[in-house]
Amino acid sequence: MEALFTDLPIWLSFALFIIGGVIIAKAAGYFVDAAVNVSAATRLPKMLIGSTIVSVATVTPEFSVSFIATVQGRADVAIGNGIGSSIINIGLIAGICVLIRAVTVEKKKILEQGIFMLAAGVLVYVLSIGGTLSRLDGGILLAGLAAYLYYSTRTARAEMRDANLDAPPGEGQEINLGKQFLIFTLGALGIIFGSALLVGNVTPIARFLGVPDLIIALTLVALGTSLPELVVAVTAALKRHGELGIGNVIGANIMDIFWVLGSCSLYAPLTVTRQTLVLDYPFMLVLMGLLVVFRFTRHRIDRWEGGMLLGVLVIYLVLMFGYFT
15 MEALFTDLPI
25 WLSFALFIIG
35 GVIIAKAAGY
45 FVDAAVNVSA
55 ATRLPKMLIG
65 STIVSVATVT
75 PEFSVSFIAT
85 VQGRADVAIG
95 NGIGSSIINI
105 GLIAGICVLI
115 RAVTVEKKKI
125 LEQGIFMLAA
135 GVLVYVLSIG
145 GTLSRLDGGI
155 LLAGLAAYLY
165 YSTRTARAEM
175 RDANLDAPPG
185 EGQEINLGKQ
195 FLIFTLGALG
205 IIFGSALLVG
215 NVTPIARFLG
225 VPDLIIALTL
235 VALGTSLPEL
245 VVAVTAALKR
255 HGELGIGNVI
265 GANIMDIFWV
275 LGSCSLYAPL
285 TVTRQTLVLD
295 YPFMLVLMGL
305 LVVFRFTRHR
315 IDRWEGGMLL
325 GVLVIYLVLM
335 FGYFT
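To convert, take the position in the sequence shown, counting from 1, and add 14; that gives our numbering.
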C-alpha cells in the first residue's frame with residue numbers, strides 16, 4: 015500500500031489524506047448505526063458486538079500493514095504497528111471515547127473480555143522475552159485467537175437463546191437484519207478504504223522527515239491503522255452507544271495480538287527490540303490493566319478515568335521520543 019503513494023507530490027498526498035478522513039467519517043456513521051441495529055435485532059449486548067464482529071472489521075488495516083511488512087522483512091514495523099495500535103486503542107481511543115461521555119458498562123461483560131485482553135498481552139510479552147517471536151510462538155498466539163473466537167461464539171449463542179426466551183413474540187422482527195449486515199459491510203469497507211488513503215500518505219511524509227521505522231510504526235502507522243477504531247468509538251460515543259466503542263477497543267487489542275502478531279510471526283520469526291521489551295510492552299499492559307480495573311469503580315467508566323488513560327499515553331510518548339529516538 016505504501017509503495018502506491020511514495021512518488022506522489024506532497025500536495026496530492028495531503029489531498030488524499032483529507033479525502034480519506036472524509037470517507038471514514040461518513041462510513042463510520044453508517045457502520046455504527048448498523049452495528050447497533052444488529053445488536054437490537056439479535057438482542058446481543060453492544061459490548062459483545064463491539065468486541066467481535068466490529069473488531070474483526072476494524073483490525074483489518076492493522077493486519078494488512080503488519081503482514082505486508084513481515085513479507086518485506088520489516089519486523090520492527092510489524093511488531094510496532096501491532097503493539098502501537100493496542101497502546102493507542104486504549105490510551106487515545108478509549109480515553110477520548112470516555113471524555114466525550116461517561117460510558118455505562120456491564121461489569122461481567124467488560125471483565126470477561128478484559129481478562130482475555132490481559133491474557134493476550136501477558137502471553138505475547140512472555141513469548142517475546144527471548145528477543146524473538148518464533149513460528150511456534152505464532153502458532154500459540156493463533157491458538158489463543160481460536161479459543162477467543164470459540165468463547166465469543168458460545169457466549170453469543172447463549173445470549174441469543176436467553177434473549178429469545180425473555181423477549182415478547184415478534185419483538186425485534188421489524189429490523190431487516192440482512193439489510194443491516196449489508197450496510198455494516200459497506201460501512202466497514204468505506205472505513206478500511208479511507209484508512210488506506212490516510213496510512214499510505216502519512217508514512218512517506220514521515221520517511222522524508224527522517225523518522226526511524228519503529229517510531230513510525232508505533233505512532234503514525236499505528237494511529238493510521240487504528241483510525242477505524244477511533245472513528246467507530248467517537249461516533250458511538252456521540253450517538254450514546256459508548257459501550258460499543260469500548261467493546262471494539264478491547265476486541266481490537268485481542269485481535270492485534272492474537273491475529274496480527276500471531277499470523278505475522280507464523281509466516282516469519284519477528285525480532286523484538288529492546289525498546290519493545292522495556293517500554294512498549296510494559297505500557298501496553300499498564301493501559302490494559304487500568305481499563306479492567308476501572309470496571310470495579312462503578313457501573314460506568316467516568317471522564318476522569320478517560321483523562322488518566324490519555325495521561326499514561328502522554329507519558330509513554332514523552333519517554334519514547336525522549337529516550338529512544
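Note that the Cβ used here is the ideal one computed from N, Cα and C, for glycine as well.
- The secondary-structure analysis by DSSP pairs Thr118 across a beta bridge with Arg314.
- Here Thr287 carries a coil assignment [DSSP, helix/strand/coil].
- Annotation: Tyr337 to Ala170 spans about 45 Å, alpha carbon to alpha carbon.
- In its chain, beyond the 5 residues on either side, Ile97, Ser100, Ile101, Gly135 have a beta carbon closer than 7 Å to the beta carbon of Met298.
- Ala55 and Leu191 do touch by the CB rule: their CB atoms are close to 5 Å apart, below 8 Å.
- Between the region 312-328 and the region 272-289 there are fewer than three C-beta pairs closer than 8 Å, too few to call the two in contact.
- In this structure, Phe31 is the residue among Phe31, Thr167, Leu155, Val300 with its C-alpha nearest to the C-alpha of Leu241.
- Going by C-alpha positions, Leu252 is about 36 Å away from Pro23.
- Note that the C-beta distance between Leu280 and Gly34 is not below 7 Å.
- Taken through DSSP and simplified to helix, strand or coil, Leu147 comes out as strand.
- Segment contact: the region 113-120 against the region 247-264, three or more CB-CB distances shorter than 8 Å; contact assigned.
- Rounded to the nearest angstrom, the gap between the Cα atoms of Ser148 and Met131 is 21 Å.
- Here DSSP, grouped into helix, strand and coil, assigns Asp47 to helix.
- Under the three-pair Cβ rule at 8 Å, the region 286-302 does not count as touching the region 155-162.
- With respect to Ile206, Thr74 sits close: the two C-beta atoms are nearer than 7 Å.
- The shortest CA-to-CA distance from Leu293 to any of Arg317, Leu163, Met334 is the one to Met334.
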